[in-house]
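Enquirer: Dumping the structure here so I can ask a few things about it.
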Amino acid sequence: MTSSWGDRPGLDAEPAEVAEVAEAAEAADAAEVVQVAEAAEPGRWAALWERATLSGRTGLDVRSRREALGRVLNELREDNLGDRAAAMTYYAVLSLVPALLVFIAVLGEIGPSATDLLIRDVHHLAPGPARDLLTHALTHLQRQHVAAGTVGLLTMLWSASGYTAAFIRAMNAVYDVPEGRPLTFLLPLRLGLTVLVLVLMAVFAALAVLSGRLAGRVGTDLGAGHTTTAVWQWGKWPLALALLSLLFALLYWAAPNARQRFRWGTLGGLVAVVVWVVASVGFEVYAAHFASYDRVYGSLGAVITFLVWLWLSNLAILLGAEINAELDRQRAIADGHPAGQEPYMPLRSAHKLHSDAL
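At the far end of the sequence shown sits residue 357, using numbering that gives the first Met the number 0, and the numbering has no gaps.
Structure (structure tokens):
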């Protein structure tokens with residue numbers, strides 16, 4: 000998109016002024032780089048970065064993309080993303096029951112049939128071990144007639160947000176940025192992202208389960224013909240995957256303390272979706288035909304299988320984030336940022352860093 004940059008704030012910087020900041024930053028460590036940049040007028044630095052990233056220089060040639068992607072596996076190891084995926088798996092398990100309670104409590108206000116649809120969604124979407132555990136948990140909670148007021152829902156939502164907090168920490172590691180946002184910002188962000196995940200996953204499940212007789216009944220109610228219903232049977236899957244890609248894009252954009260523009264349809268998001276689907280299908284085949292979890296772990300075999308699947312899913316999400324981060328690093332290098340200097344992207348906030356330095 001072509002635009003005029005002359006009227007942007009902060010772009011009246013003299014070359015000598017910019018060079019002075021760059022020279023000071025070259026000799027600084029990561030924390031000092033942040034302080035130097037913030038001291039040189041945050042609006043000016045942000046506008047200069049926006050000019051670099053939103054102009055025609057955002058496009059990378061084949062060689063630059065190859066360099067960026069070549070660093071991904073090494074960064075995956077240096078950022079300890081395998082361990083961070085394990086931590087996210089731990090918090091996902093702790094968040095599972097509160098998240099399901101929120102679903103049951105909200106759906107209970109609609110009617111028992113809505114909860115039945117959710118159970119059917121899980122049965123269609125989840126791989127074998129996850130399917131059994133989740134449907135059993137949902138059925139049990141449904142029979143308990145879970146009801147919750149506003150305080151109860153907020154409490155359960157807070158418990159479910161533990162996973163989101165772990166993801167935010169992992170994203171800061173991926174982008175090699177410190178956490179400078181104050182708690183007054185982080186807590187609403189944590190809860191907001193949790194609600195976003197729950198809502199979009201519910202829509203994703205509804206899209207996936209809207210098939211067969213149910214799709215025909217809805218089509219009849221809406222006055223749609225047989226052809227439209229048949230097209231929906233196939234077209235819903237690209238739509239569901241696009242929704243999942245949107246979820247990843249929103250999480251990748253909002254979670255790290257790195258200022259970036261929102262992008263839907265990034266290479267990292269696409270890779271995350273594809274790897275997650277392939278890993279889920281492949282792991283189900285492996286667990287069903289080759290693994291011996293039941294023989295080794297006995298009655299805990301299904302739980303262990305479920306945990307491994309969760310870990311693979313979280314690793315796929317972080318892999319996509321790492322790909323996006325390295326492409327962003329390559330763009331910064333192309334615009335003159337020193338290759339080995341971190342952070343390579345401006346921070347959303349350095350408030351906490353300044354407070355800790357006092």
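Beta carbons: idealized from backbone N, C-alpha and C, even for Gly.
Tell me whether leucine 346 sits in a helix, a strand or coil according to DSSP, three-state version.
Expert: The count along the sequence shown starts at 1 and reaches residue 346 at position 347. Strand, per DSSP.
Enquirer: Quick check on the DSSP output: the alpha helix (DSSP H) that includes phenylalanine 261 runs from which residue to which?
Expert: Sequence index remark: in the sequence shown, residue 261 carries index 262 (1-based). From DSSP, phenylalanine 261 is part of no alpha helix (DSSP H); its letter is neither H nor E.
Enquirer: Does the beta-carbon of glycine 234 have 16 or more other beta-carbons within 10 angstroms, so that it is buried, or is it exposed?
Expert: By 1-based counting over the sequence shown, the position of residue 234 is 235. By the neighbour-count rule (16 or more Cβ atoms within 10 Å), glycine 234 is not buried but exposed.
Enquirer: Check whether the stretch 193 to 203 and the stretch 278 to 289 touch, using three or more Cβ-Cβ pairs below 8 Å as the test.
Expert: Taking 8 Å as the limit for Cβ pairs, the verdict is that the stretch 278 to 289 does not touch the stretch 193 to 203.
Enquirer: Put alanine 257 into one of helix, strand or coil per three-state DSSP.
Expert: Position 258 of the sequence shown holds residue 257. Of the three classes helix, strand and coil, the one that applies to alanine 257 here is strand, per DSSP.
Enquirer: Among Lys351, Ala253, Leu156, which residue has its Cα nearest to the Cα of leucine 188?
Expert: Indexing the sequence shown from 1 puts residue 188 at position 189. Nearest C-alpha to leucine 188: Ala253.
Enquirer: Among Leu182, Asn323, Pro97, Trp236, whose alpha-carbon lies nearest the alpha-carbon of alanine 248?
Expert: Translated into positions along the sequence shown, residue 248 becomes position 249. Nearest option by C-alpha distance: Asn323.
Enquirer: Express the C-alpha separation of glycine 161 and leucine 192 in angstroms, rounding to a whole number.
Expert: Against the sequence shown, residue 192 aligns to sequence position 193. Against the sequence shown, residue 161 aligns to sequence position 162. Cα to Cα, leucine 192 sits roughly 11 Å from glycine 161.
Enquirer: Look at the alpha carbon of valine 196 and the alpha carbon of tryptophan 236, and state the distance between them as a whole number of angstroms.
Expert: Looking up residue 196 in the sequence shown gives position 197. Looking up residue 236 in the sequence shown gives position 237. Using only the alpha carbons, I get a separation of about 19 Å.
Enquirer: Whose CA, out of Ala169, Gly300, Ala164, lies closest to the CA of leucine 185?
Expert: Numbered from its first residue, the sequence shown carries residue 185 at position 186. Here the closest residue by C-alpha is Ala164.
Enquirer: Less than 8 Å between the CB of valine 230 and some heavy atom of the ligand MG, yes or no?
Expert: Annotation note on the ligand MG: not contained in the displayed structure, which lists no ligands.
Enquirer: Note down the Cα distance separating serine 63 from valine 280, rounded to an integer number of angstroms.
Expert: As a first step, residue 63 is located in the sequence shown; it is residue number 64 there, counting from the start. As a first step, residue 280 is located in the sequence shown; it is residue number 281 there, counting from the start. When rounded, the distance between both Cα atoms is 33 Å.
Enquirer: Considering just the uninterrupted stretch of the alpha helix (DSSP H) at tyrosine 162, what are its terminal residues?
Expert: The residue you call residue 162 lines up with position 163 of the sequence shown. Element bounds for tyrosine 162: 161 to 173.
Enquirer: Ignore the nearest five residues each way along the sequence and tell me which others in tyrosine 359's own chain have a CB closer than 8 Å to its CB.
Expert: Since the first residue shown for the chain is 0 and the last is 357, residue 359 is missing from the structure and cannot be characterised.
Enquirer: Tell me whether glutamate 325 sits in a helix, a strand or coil according to DSSP, three-state version.
Expert: The sequence position of residue 325 within the sequence shown is 326, counting from 1. Of the three classes helix, strand and coil, the one that applies to glutamate 325 here is helix, per DSSP.
Enquirer: Can you find the residues in the same chain that come closer than 6 Å, C-beta to C-beta, to alanine 172, ignoring five residues on each side of it along the sequence?
Expert: Numbered from 1 along the sequence shown, position 173 holds the residue referred to as residue 172. Excluding residues within five positions, the ones whose Cβ falls inside 6 Å are Asp78.
Enquirer: Buried or exposed for leucine 299, please, with buried defined as at least 16 other CB atoms from any protein chain shown within 10 angstroms of its CB.
Expert: Here residue 299 corresponds to residue number 300 of the sequence shown, with the count starting at 1. By the neighbour-count rule (16 or more Cβ atoms within 10 Å), leucine 299 is not buried but exposed.
Enquirer: Skipping 5 residues on each side, what residues in its chain have a beta carbon closer than 7 Å to that of valine 270?
Expert: Numbered from 1 along the sequence shown, position 271 holds the residue referred to as residue 270. Around valine 270: Leu318, Gly319, Ile322.
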